[in-house]
Amino acid sequence: MVTTLAVQYTRAPGHSDTWLHISGYPGVNQRSRLPELVVVEVVVVVVVVVVVVVVVVVERVKVLVVVVVVVVVVLVVEVVVVVVVQVVVVVVVVVVVVVVVVVVVVKVVVRVVVRVEIVAVVIVEILIVVVVVVVVQRVKVLVVVVVVAVVVLVVEVVVVVVVQVLVVVVVVVVVVVVVVVVVVVVVVVVVVVVVKVVVRVVELIVVGVVVAIVVVVLVVVLVEVIVVAVVVVVRVLVVAVAVEALIVVEVVVVVVVVVVVVVVVRVVVAVVVVVVEAVVEGVVVVEVVVAAVVVAVVAAVVVKDAEVL
1 MVTTLAVQYT
11 RAPGHSDTWL
21 HISGYPGVNQ
31 RSRLPELVVV
41 EVVVVVVVVV
51 VVVVVVVVER
61 VKVLVVVVVV
71 VVVVLVVEVV
81 VVVVVQVVVV
91 VVVVVVVVVV
101 VVVVVVKVVV
111 RVVVRVEIVA
121 VVIVEILIVV
131 VVVVVVQRVK
141 VLVVVVVVAV
151 VVLVVEVVVV
161 VVVQVLVVVV
171 VVVVVVVVVV
181 VVVVVVVVVV
191 VVVVVKVVVR
201 VVELIVVGVV
211 VAIVVVVLVV
221 VLVEVIVVAV
231 VVVVRVLVVA
241 VAVEALIVVE
251 VVVVVVVVVV
261 VVVVVRVVVA
271 VVVVVVEAVV
281 EGVVVVEVVV
291 AAVVVAVVAA
301 VVVKDAEVL
């Protein structure tokens, strides 16, 4: 803000006093209202900057918090659903496999036992028929027939016992193999599920670190904005104070110059009057000299004032 002062010196008719007229300043003692206006403008600017910064930061923080909450909830729900579904599927598959294997093994064992018993019975019956025929036809070989019958009976018993033992052994081996396979499958599935859970947890940790970094960046940006606003306000205040001080100095200089000019003129006039009263005979000469001196003094003062301004 630059203020231009127009200074004019005039002398009223019939008076020896010089009057000061300053355009824009009706009186020398009038107080300027510039500081109040500058303070009001600075306060308005600061309030607007603070409101804008607060609104922007609050909106961004709200959006960031909502996004982080949604991402965390989605990840947690996904992990829980995936783990529960996989565990349920594994349990169902294991139960179904065990039931199917047991049913198949039981059916196979039953069929094998039935077939073996049928074959053994048929063989025994054939042997009995043969023995009977031989006995009927050849009575002489009765001892041989008896021995053969006993041997057949013993063989039948041995065959049945061996077959049953073999069936039991086969069933036990099959059950053990099935159990081992089921255990291996369960262990593999559990390991896979644990690995997936660990991966999800690591993803959650990474998301948390990213969110923390974003929050720190927002805080740094907010601090920078506040610092810039403070610097701007301080600069505005300093400029306003400097302008006001410059205006006050200009007014003081003008007033001092005017006072000095008035005092000098009055002294010169008083001296001239004394000289005129003392030297009556040289009135014309004295007036000419006084007029010349006054003109010279006034011209010098005006030139000096112009240089100062």
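Residue numbers for the sequence shown follow the working numbering, beginning at 1 and rising by one.
Ideal Cβ placement from N, Cα and C applies to all residues, glycine included.
Quick caveat: nothing in here was measured; it's all calculated off a predicted structure.
Three CB pairs or more closer than 8 Å across the stretch 53–60 and the stretch 180–198: no
Cβ-based neighbour list, V207, same chain, cut-off 8 Å, excluding 5 preceding and 5 following: V68, V71, V72, L75
Of the listed residues V178, V219, V265, V194, nearest to V95 (C-alpha basis): V178
Separation of V262 from V28, as counted between CA atoms: Only weak support exists for where V28 lies, its pLDDT of 44 falling under 50; the value from the coordinates is given anyway. The alpha-carbon atoms of V28 and V262 are separated by roughly 15 Å.
C-alpha distance - V63 paired with V57, whole-angstrom precision: 10 Å
Selected residue, minimal CA-CA separation from V45, among V124, L166, L237: L237
Validate contact between the stretch 219–237 and the stretch 94–114 using beta carbons, cut 8 Å, 3 pairs: no
Status (buried if at least 16 other CB within 10 Å, exposed otherwise) for V87: exposed
Selected residue, minimal CA-CA separation from V195, among V42, V48, V79, R60: V79
Residue environment, V265, which counts as buried when at least 16 other CB atoms sit within 10 Å: buried
Other residues of its chain near A120: CB distance less than 7 Å, five sequence neighbours each side excluded: E156, V159, V160
C-beta contact flag for V152 and L127 at 8 Å: yes
Burial state of V43 (16 or more Cβ within 10 Å): exposed
Rounded distance between the beta-carbons of V109 and V171, thought under 8 Å: 5 Å
V2 versus V61 - alpha carbon distance: Per-residue confidence for V2 stands at a pLDDT of 42, beneath the threshold of 50, marking its modelled position as unreliable; the derived number appears in the next sentence. Approximately 44 Å, taken between the alpha carbons.
Supposed contact pair V97 and V182 - C-beta distance, whole angstroms, cut 8 Å: 6 Å
K107 versus V150 - alpha carbon distance: 34 Å
Exposure of V199, with buried meaning 16 or more beta-carbon neighbours within 10 Å: exposed
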